[in-house]
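Let me begin by presenting the structure, written as structure tokens, before commenting on it.
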Amino acid sequence: MAAVDHDRAAQVGAQPLDVKAIRSDFPILDVEVNGRRLVYLDSASSSQKPRQVLDAMTRYYETTHANVHRGVYAIAEEATRQFEEARAKLARLVNARSAREIVFTKNVTEAINLVAHSWGRRNLTAGDAVLLTEMEHHANLVPWLMLAEERGIELRYIRLTADGQLDLSDLDRLVDGVKLVGVTCMSNVLGTINPVAELAEAAHSAGALFLADAAQYVPHLATDIQQLGCDFLGFTGHKMLGPTGIGCLWAREDLLEEMPPFLGGGEMISDVRLDGFLPADVPWKFEAGTPPIAEAIGLGAAVDYLTGLGMDAVRRHEVELTSYALCKLAADHPDLVIYGPADPASRGGVISLALGDIHAHDLSQVLDTAGVCVRAGHHCAKPLMRHLGVTATARASFYVYNDESDVDALSEALAEARKFFG
Amino acid sequence: MAAVDHDRAAQVGAQPLDVKAIRSDFPILDVEVNGRRLVYLDSASSSQKPRQVLDAMTRYYETTHANVHRGVYAIAEEATRQFEEARAKLARLVNARSAREIVFTKNVTEAINLVAHSWGRRNLTAGDAVLLTEMEHHANLVPWLMLAEERGIELRYIRLTADGQLDLSDLDRLVDGVKLVGVTCMSNVLGTINPVAELAEAAHSAGALFLADAAQYVPHLATDIQQLGCDFLGFTGHKMLGPTGIGCLWAREDLLEEMPPFLGGGEMISDVRLDGFLPADVPWKFEAGTPPIAEAIGLGAAVDYLTGLGMDAVRRHEVELTSYALCKLAADHPDLVIYGPADPASRGGVISLALGDIHAHDLSQVLDTAGVCVRAGHHCAKPLMRHLGVTATARASFYVYNDESDVDALSEALAEARKFFG
Amino acid sequence: MPGLEDLYREIILDHYRNPRNRGELECPPAHRYEGFNPLCGDEIVLYLDVRDEKVVDLKIAGQGCSISQSSASMMSSAVKGKTLDEARALLRAFKAMMSIHEARLDAEDRELGANGQGADGEEAPPMGDLEALQGVVKFPVRIKCATLAWNTLAQGLDGANGSAGPS
Amino acid sequence: MPGLEDLYREIILDHYRNPRNRGELECPPAHRYEGFNPLCGDEIVLYLDVRDEKVVDLKIAGQGCSISQSSASMMSSAVKGKTLDEARALLRAFKAMMSIHEARLDAEDRELGANGQGADGEEAPPMGDLEALQGVVKFPVRIKCATLAWNTLAQGLDGANGSAGPS
Ligand SMILES: Cc1ncc(COP(=O)(O)O)c(C=O)c1O
Ligand SMILES: Cc1ncc(COP(=O)(O)O)c(C=O)c1O
Ligand code: FES
Ligand code: FES
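Protein chains in written order, with this note's numbering: chain A, 705 to 1126; chain X, 705 to 1126; chain L, 482 to 648; chain D, 482 to 648.
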């Protein structure tokens, strides 16, 4: 196996992951599809969940569920404690200054919409500019397109180089006069890891704030917002071993303090009269209604699981596996097109590919009969697809429970598909 | 036991609930608090969950979790099938014309905010009026207060009678010229069941739409939106045996069609370019990002559980238990103040009370040591609290797993509390 | 679990590899219609030449997966030379064959009893090769692939209705 | 599981049943400060008469639960007659006693090492009756009850600082 050493993670000497032990924590990996073992290569869409996460949620419901924040009886206090402890775990995971900087949302999409609605509507008026990139997920495009339509703000885009990196040659001009720069930390199509700290610095020099869509980053790399220098950072639970129904916005506390509330309702107020209301303190000001309590606790357990493995070890594992996959697939399939950067050290474990002229959906369908799950489609990044000149790609993506045997299964299934449509 | 026969449910001859069997489905009810059995009387805040719901979610995660809607591989198709089947179950529960009328949200608070943002910002301008009631939960107040602040719309309120009913004497004048009437189907403080069909008719006669906050209604009474005549109806999963992290907006399909999207991102688009986007069809247009998949499936299982019991039987049980409680508590505690309507047939199983001058939080704290969980506070209905002239009440609320022994435990614990603070 | 052979019948792969009526027609006299599958972003372009209530010619352009391409190819063969009424009957029959799942949102409630027959109980026209697409209903995500060309045809037939003859 | 007796110590119930320094003061010379507990909606009103850097008199009005009322009563007894500096030291010591949980959001990260001591390591003043409130930290939701009067006092001490004497 070609070990790659470019990466920081590899250098700090992280222990290799014991994938066999990890796999035994994921009940779904024992499922058979068409008589074949499940080869799950779609974690960039949504990861699977370990027993530990499912147990944490079931245990919560079976022993101490109650609505949080207001109850004075014992199980309600315990529910509140566990819920707020989950918040603290997430704060530690991204190295936030305080758990008050963590807002629970239903997914990262809501987190970005929160920024667009609350910060955006307060701070952006007609003619103001926001700088995004051509590789953004729809979650970091549509909220700004909606604001552009409503407010007449200008959207600019950082274009891409031929090998799927951000083209920063023009950055000075692009960033000049913008109020916000919003960039995905890692492309969910190309795997490209973007130079977030550098971009954040450029944003700040231009007097802009920096928003990071870290949906594909926090699950896979050690994340230190102090070092990245972001102002807003969003991520989503279901891609990091956590349950569906929960996401997070981290934001600088002073920004949260100044921002008006987003959704209105219970929990987010300190007083309500028939003619007005007073919002609550951060972060609760942004959490209207009953929050995803069990989901937060489940996500907390996912954080424990990931930090138990060590985020550096997770990253090293994925670099190695991606490196193996890039070699193996290219060797086995000379007609295979692989999008995105060639160097495994500058990309994540996400591989978009095209096999001859087989349509991505046909490819994915045929792979499925071999138990191999890959995603086919535009991956919610249609502008990027247009840039690539395709309507869809097939995408394989890796996580902690994948190993070389999964890559081998993918490669074999690709051969079968070629035969089928040949 | 004093059986009450005023109610429609009682008349259709629903089978009595087998509470003993039901209790065995709820693992948390075996928990001990301070060496006493858990007497959970806070279902109006959040209900407990039966095994069947927890199992449905765990089974989903353990066998077929994948992101929905876009995957062509088998487990993704199955995930999508289960998710959309849950939507169909909810449509049937409220007698919707089509599952396309069900939008999944994270809670009912988001559902109401969706209406305020999307329908409200499109249809309400300065000077337009919205009619609410003085007994609304903050979830149906704050979104409109925010819109009033932003848009200068006028908010009117239906006031309350001395016994906690809506004062409809002035309805004609109040409803005249309003664009929307928003009313809770059942007060979460007083238990009052409001005449929704009558109010919806009055709204329609005045040319207004009608929004029902059914957070306390759908869990407890058979709900038929055709018969209620609403235009929007919101409810929340965690109060009806379902998980946290999911709520529902039902809305007439033609209204959903006309409404602009609310949050922007993946799933809710049919095309995205760098300079604009096309929204998807309803209901997905309103479901940006990865939805609460496991939560929807869990809520579907909760619907199965409730319809298995029969909503008429659920209602009958609660009428009988409330009737018993009102008698028993009044008999045991002559100094007890009970808020809300006296007739169990016109109220739900929600009893707000005050014992002498013991503060609600002190009362709840002392009851807790007897294992009795009641909520103390303003119950997210501060304007109603002001109307009652208190800052807080203690509130006991019932659901399918409660029986007379729980009422007896509450009554005994109240006696202990009186002694403690006497 | 349905197998691959349920989806990719030999005849489907044949139409995919050798698409019939591929190309463009001059507009006018033909009309151009676009169909779009939002699930995947694929697009079909239909050129339809209708004269005297008859589909005298049609061509298919655009791109998509094997199911959408072969369905378009089969549709073109089946509809070419047919009267508008015959084409409409075929469209209804095909949509009915697919509707079991596509109409799932409705089929689960009391409104719609999708049963593979035209709503008015008319007799379904013979489907020929098109029967091969029946297996698609076992793969719900792919139903939109199979119906893409037909939904585009529906636009065309409506258009022909509106203009009531060649333009 | 902490028991009731941890929360409702006898001395607390005594202050609750017989609140000290209840009432109002004329403003001016006194100042009026309001404290609000958003969790429950309870409110405390503090009348503070500070002259020559000394709390010469104070009164408590408003309403709340037994914990907030007794904490206010104890606070009033402890602070009355004290210099502003002494009152501030007491405030710090009381907040430190409560901070173990109240500052949980921060205590869980690296910023704040809440350890019950003033930030500058000063020696804590004797707490007397106030020690009885220590049990409250085992009931996190009630901590805001115990600190309500003290947070209001903090406003008052800041105010006294600002105006530097009676007004
Ligand atoms: C009448 C009513 N409306 C709205 C809500 C808010 O529900 P959620 O917090 O689930 O959004 C509640 C519950 O607290 C309620 O009782
Ligand atoms: C880069 C990126 N941003 C945002 C999202 C949206 O995540 P969610 O659907 O959980 O809101 C995704 C995942 O689909 C993603 O990959
Ligand atoms: S996948 Fe696009 S039409 Fe079939
Ligand atoms: S409950 Fe309000 S101050 Fe204690």
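By construction, the Cβ of each residue, glycine as well, lies at the ideal position given by its N, Cα and C atoms. None of the values given here were measured: they were computed from a predicted structure.
L/His496 has its CB no nearer than 8 Å to any heavy atom of ligand 3. For A/Thr1097, the three-state secondary structure derived from DSSP is strand. Just measuring C-alpha positions, the residue of L/Gly543, L/Leu494 and L/Val531 sitting nearest L/Glu505 is L/Gly543.
Taking a Cβ-Cβ cut-off of 7 Å, L/Ser551 has no neighbours in chain A, whose nearest Cβ is about 11 Å from it. A/Ile1062 has its alpha-carbon roughly 12 Å from the corresponding atom of A/Ala1080. For X/Trp988, no pairing in a beta bridge is given by DSSP. In the DSSP assignment, the residues bridged to A/Arg860 are A/Leu835. By the beta-carbon neighbour count (other beta carbons within 10 angstroms, threshold 16), X/Val887 is buried. If you keep only unbroken alpha helix (DSSP H) runs of at least 4 residues inside the segment 752-830 of chain X, you get 755-767, 778-797 and 812-818. Residues close to ligand 3 by the beta carbon criterion (under 5 Å to any non-hydrogen atom) are, from first to last along the chain, A/His1065, L/Asn518, L/Cys521, L/Asp523, L/Gly545, L/Cys546, L/Ser549 and L/Cys626.
Using a Cβ-Cβ cut-off of 9 Å, A/Gln756 does not count as an interface residue toward chain X, since no Cβ of chain X sits closer than that to its own. In the DSSP assignment, D/Glu524 falls outside any alpha helix (DSSP H) and lies within the beta strand (DSSP E) extending over Asp523 to Arg532. Under DSSP, A/Gly938 takes part in a beta bridge, and its partners are A/Asp917 and A/Leu953. Ligand 2 has no heavy atom closer than 8 Å to the beta-carbon of X/Val798. Along the segment 1078-1089 of chain A, going in chain order, the ones with a CB nearer than 8 Å to a CB of chain L are Ala1080, Gly1081, His1082, Lys1086 and Met1089.
Our two residues, D/Leu539 and D/Thr633, have alpha carbons roughly 12 Å apart in a direct line. Taken through DSSP and simplified to helix, strand or coil, D/Asn632 comes out as helix. When C-alpha distances from A/Pro947 are compared across X/His908, X/Ala998, X/Gly739 and X/Leu953, the shortest belongs to X/Ala998. The three-state reading of DSSP puts L/Gly640 in helix, counting H, G and I together.
The Cβ atoms of X/Leu835 and X/Arg860 lie closer than 9 Å to each other. Interface with chain D (9 Å Cβ-Cβ cutoff): A/Ser974 is included. Nearest in C-alpha terms to D/Met579, of all of D/Gln615, D/Arg569, D/Leu494 and D/Ile492, is D/Gln615.
Membership of A/Val879 in any beta strand (DSSP E) is not indicated; the residue belongs instead to the alpha helix (DSSP H) covering Leu875 to Val879. Taking 8 Å as the cut-off, one finds no heavy atom of ligand 1 near enough to the beta carbon of X/Gln752.
When Cβ-Cβ separations below 9 Å define contact, L/Leu520 makes contact with chain A. Restricting attention to A/Leu1033, A/Asp746, A/Ala1005 and A/Gly1052, the CA atom closest to the CA of A/Val1023 is found in A/Gly1052. Assigned with DSSP and collapsed to three states, X/Ile1062 falls in coil, not helix or strand. For A/Arg1099, there are no C-beta contacts with chain X under 8 Å, since the nearest C-beta of that chain is about 11 Å from it. The Cβ atoms of X/Leu1118 and X/Leu1071 lie closer than 9 Å to each other. At a beta-carbon threshold of 9 Å, none of the residues of chain X lie near L/Val526; the nearest stands roughly 16 Å away. A heavy atom of ligand 4 is found nearer than 8 Å to the CB of D/Leu629. Contact of X/Asp1008 with chain A is not assigned, every C-beta pair being separated by 9 Å or more. A/Leu894 sits in coil when the DSSP states are folded into three classes, being neither helix nor strand.
With a 10 Å radius around the Cβ and a threshold of 16 neighbouring Cβ atoms, X/Gly980 comes out exposed. Within the same chain, Cβ atoms closer than 6 Å to the Cβ of X/Asp832 are found at Ile857 and Lys883, the five residues on either side in sequence being excluded. Using a Cβ-Cβ distance cut-off of 8 Å, the segment 748-759 of chain X and the segment 760-773 of chain A are in contact, since at least three pairs of beta carbons, one from each stretch, lie closer than that value.
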